[in-house]
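In full-length UniProt numbering, the protein residues as written are 1 to 176. Shown next, in structure tokens, is the structure this report addresses.
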Amino acid sequence: MEATNPPPQATNTCIPPPYPIQQQYAPHYMYDPQEDHLQHQLNNCWARLCQEIEETTDFNTHSLPLDKIEKIMKDDGDVHMVSAEAPVLFAKACELLIHELTMKAWVNADKSKRDLIQKCDIEAAITNTDEFDFLADVVPIEHVGISRRDIDPTQIVPYYYMPPHQHVIGPPFDAP
């Protein structure tokens, strides 16, 4: 008798990310029913997006221009050829990034009792979400609630690693 394998079952490959982990376990965290409601809305939105992605059959319509994405990819000197699928995946990834950033900014606007998302909401979403750390250099510090004159320049720590300076042993430049 020949062994037959059952047909593979579809698994949910799109798992919504947990929000906001860093605040849930912080010692100063207090339960807020409104934040719980917003958390529930975020999770529902991610579940809906995952379902839409899994049910997508038309890969020819995109909200971002694929030729521009391909041009940006080819601007890298190491990239000579780009497969047809790569710009499609990058377009979808960009759409999801924009969608999540918009959702997080909306949460900030909603907490501030505003109906419109403002620049400060987007900046707060970037600074309060670990996943958006790569956008931290884009955010001007004046818009996140701290002005530059309130910051001591000696206390500024760079976001990136700076190697120690190498000192050359020898006479100073103006020495005879």
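For each residue, glycine too, the CB sits at the ideal point set by N, CA and C. All values derive from a computational prediction rather than experimental measurement.
| How do the segment 82 to 98 and the segment 56 to 71 stand: do at least 3 beta-carbon pairs fall below 8 Å, yes or no? | Pairwise C-beta distances place the segment 82 to 98 in contact with the segment 56 to 71, as three or more of them are shorter than 8 Å.
| said: For A105, which residues in the same chain have their Cβ closer than 7 Å to its Cβ, ignoring the five residues on either side in sequence? | reply: Non-local C-beta neighbours of A105 in its own chain, meaning closer than 7 Å and more than five positions away in sequence, comprise I117, D121, I122, A125, ordered along the chain.
| Presumed contact (8 Å Cβ cut-off) between H99 and L49, rounded CB distance | Contact flag correct, Cβ pair sits at about 7 Å.
| field | Span of the alpha helix (DSSP H) around I65 | value | First, the amino acid is wrong: residue 65 is Pro here, not Ile. Per DSSP, P65 belongs to no alpha helix (DSSP H) and is neither H nor E.
| request: With DSSP collapsed to three states, give me the class of R48. | output: Correct three-state label for R48: helix.
| field | Proximity winner among M73, N43, N44, F132, relative to A86 (alpha-carbon distances) | value | The option with the nearest alpha carbon to A86 is M73.
| query | Helix, strand or coil: which one does DSSP assign to H37? | reply | The three-state secondary structure of H37, taken from DSSP, is helix.
| request: Return yes when the Cβ of L38 is within less than 7 Å of the Cβ of V88, no when it is not. | output: The answer is no: Cβ separation not under 7 Å.
| query | With C-beta atoms as the reference, is E70 less than 7 Å away from V82? | reply | In this structure, V82 lies closer than 7 Å to E70 by Cβ.
| query | Helix, strand or coil for N60 per DSSP? | reply | Annotated three-state conformation of N60 is coil, per DSSP.
| Through-space distance from T127 to V138, alpha-carbon basis | Computed Cα separation, rounded: 10 Å.
| According to the neighbour-count rule (16 or more other Cβ atoms, all chains shown, within 10 Å of its Cβ), is L42 buried or exposed? | Buried, because 16 or more other Cβ atoms sit within 10 Å of the Cβ of L42.
| A105 - DSSP class collapsed to helix/strand/coil | Helix, per DSSP.
| task | Tell me where the alpha helix (DSSP H) around I117 begins and ends. | result | Premise fails: I117 is in no alpha helix (DSSP H) and is neither H nor E.
| request: Since I believe F132 is in contact with L101 (beta carbons under 8 Å), could you give me their beta-carbon distance rounded to a whole number of angstroms? | output: Your pair L101 and F132 checks out as a contact, with CB atoms roughly 7 Å apart and the cut at 8 Å.
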